[in-house]
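The next block holds one structure in the form of structure tokens; read it before the comments.
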């Protein structure tokens, strides 16, 4: 297999994995937003940013995989590497915390 074909194969597999994980992520509802006291648009934006910013470099983890405090630590450590500003970090964190494990 040529190196060009290997690279294309790796890229396709990566895209498929990101797509597969993003479809498994929960889609926020108005009930979720009401329980958190934030807008539904904000939660939806958090999901989109999580998929686009975090999923562009590695596999996505389901929100329920970590606790709220673990998500905070994870995002703190990734903020600089992923070029997230404070507002983006906050929106992604709200999305992840909304279904984090207790």
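Numbering (the numbering used here), first residue to last: 125 to 226. Cβ coordinates follow ideal geometry from the N, Cα and C atoms, glycine included.
Closest to residue i by CA distance: which of the options is it?
| i | options | result |
| --- | --- | --- |
| residue 222 | 132, 191, 133, 130 | 191 |
| residue 175 | 217, 159, 164 | 217 |
| residue 134 | 162, 182, 154 | 182 |
| residue 180 | 197, 126, 206 | 206 |
Please look up how many angstroms separate the CB atoms of residue i and residue j, rounded, as I've assumed it's under 8 Å.
| i | j | result |
| --- | --- | --- |
| residue 149 | residue 157 | Going by Cβ atoms, the distance from residue 149 to residue 157 rounds to 16 Å, so no, they are not a contact pair. |
Using a Cβ-Cβ cut-off of 7 Å (strictly less than) and excluding sequence neighbours within five positions of residue i, which residues of its own chain qualify?
| i | result |
| --- | --- |
| residue 186 | 148, 149 |
| residue 168 | 152 |
| residue 215 | 166, 169, 170, 173 |
| residue 203 | 213 |
| residue 162 | 218 |
Less than 8 Å between the beta carbons of residue i and residue j, yes or no?
| i | j | result |
| --- | --- | --- |
| residue 220 | residue 177 | no |
| residue 128 | residue 188 | no |
Using a Cβ-Cβ distance cut-off of 8 Å, determine whether residue i contacts chain B.
| i | result |
| --- | --- |
| residue 187 | Among the chains of the structure shown, chain B does not appear; only one protein chain is present. |
Just to confirm my understanding: we take residue i, look at its own chain, exclude 5 residues before and 5 after, and list those with CB closer than 6 Å. What are they?
| i | result |
| --- | --- |
| residue 160 | 222 |
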